[in-house]
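**Q** Residue 59 in the working numbering sits at position 45 of the sequence shown, and the numbers go up by one each step.
Backbone N, C-alpha and C fix where the C-beta goes; we use that ideal spot for every residue, glycine too.
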Amino acid sequence: MPKTVDRVQTGVRLERRLLKVMKGVAELRDVSLGDLIEGVMLHAFEGKAPFGPETLERIAQLREVYGLDLTAADSHRLTEGSDDR
Numbered sequence: 015m016p017k018t019v020d021r022v023q024t025g026v027r028l029e030r031r032l033l034k035v036m037k038g039v040a041e042l043r044d045v046s047l048g049d050l051i052e053g054v055m056l057h058a059f060e061g062k063a064p065f066g067p068e069t070l071e072r073i074a075q076l077r078e079v080y081g082l083d084l085t086a087a088d089s090h091r092l093t094e095g096s097d098d099r
């Protein structure tokens, strides 16, 4: 049975390539970006993996397409770069 929640609008800054991959995964799963983030975080809070092997394979493809070379090891070492594109 669905649970009722109280959602709020928020503004977050994300690494550009990471966001592109996240949007791709949301599209693959036919969910909104917000729903994807909620699902991933709820899984993480319980120490569970949010994606199965097939989805991880597709994520690897998206990472390649968008040049996302960041890993979990980089998560606490990111700094802002130039806005020049």
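1. Assuming Val105 and Tyr80 form a contact by the criterion Cβ under 8 angstroms, report the distance between their Cβ atoms to the nearest whole angstrom.
2. Could you round the C-beta distance between Gly38 and Leu76 to whole angstroms and report it? I think they count as a contact, below 8 angstroms.
3. Measuring CA to CA, which of Asp20, Thr24, Ala40 is closest to Leu70?
4. Going along the chain, which unbroken runs of the alpha helix (DSSP H) with 4 or more residues stay wholly within the region 52-83?
5. Are the CB atoms of Gly53 and Pro67 within a distance shorter than 8 angstroms?
**A** Considering the structure as presented:
1. The requested residue 105 is not part of the displayed model; the chain covers only 15 to 99.
2. 4 angstroms
3. Ala40
4. 67-80
5. no
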